[in-house]
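In what follows, a single structure is set out as structure tokens and then discussed.
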């Protein structure tokens, strides 16, 4: 279990490799974030990095299965699942739950679709002079659209979109906004969106 640690006065940069679990070929991003980034802000960064719509609940989970999430007045400590009490994500940083290289933690977004992100600390490095953080420096493939039904729904969506003769093709094409390329990843636009998180 993670205990609250003091974050260094001059934070380093956590280089994070973030991958959606259960989809091949992999959908991933490399993010550079300050070590003192609160998990609440990391949530916003991940939403932008994967193009999610900020429309569902989420939790972070460390290797001891301790969960961190948004705590509002009157919320149950454990979302009613009987696990350890949910810790307030605003009070914990990236360095608190993953202080070392190769540490791994999870981010689960949308408890219906159940998008599980595996986050690994790739390296720790000093901040580069003149560089702004957070940043997205690499990645591959588009993330699935919000509310597509998790991995099975996403696979079905791709199957329908790739078959113009499918009876639901036009409906699904309209639902995704006219086009969807699962191989597309715009690093420049993603980095810009990530950098805008304050």
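In my numbering, the protein residues as written are 11 to 208. Idealized CB from N, CA, C, for every residue including glycine.
By the criterion of at least three beta-carbon pairs nearer than 8 Å, the segment 35-53 is in contact with the segment 132-151.
Taking 7 Å as the cut-off, the Cβ atoms of residue 21 and residue 46 count as close. Rounded to whole angstroms, the gap between the alpha carbons of residue 26 and residue 67 is 22 Å. Cβ-Cβ distances below 6 Å link residue 146 to 39, 41, 59, 200, 201, 204 in the same chain, with the five nearest sequence neighbours on each side left out; the list follows chain order.
When DSSP states are grouped into helix, strand and coil, residue 96 belongs to the coil group. 7 Å or more divides the Cβ of residue 100 from the Cβ of residue 78. In the three-state reduction of the DSSP assignment, residue 57 falls in the helix class, which pools H, G and I.
DSSP places residue 199 inside the alpha helix (DSSP H), whose first and last residues are 197-205. Within the same chain, no Cβ atom closer than 6 Å to the Cβ of residue 187 is found once the five residues on either side in sequence are excluded. The Cβ-Cβ distance between residue 143 and residue 44 falls below 7 Å. Our two residues, residue 80 and residue 50, have alpha carbons roughly 7 Å apart in a direct line.
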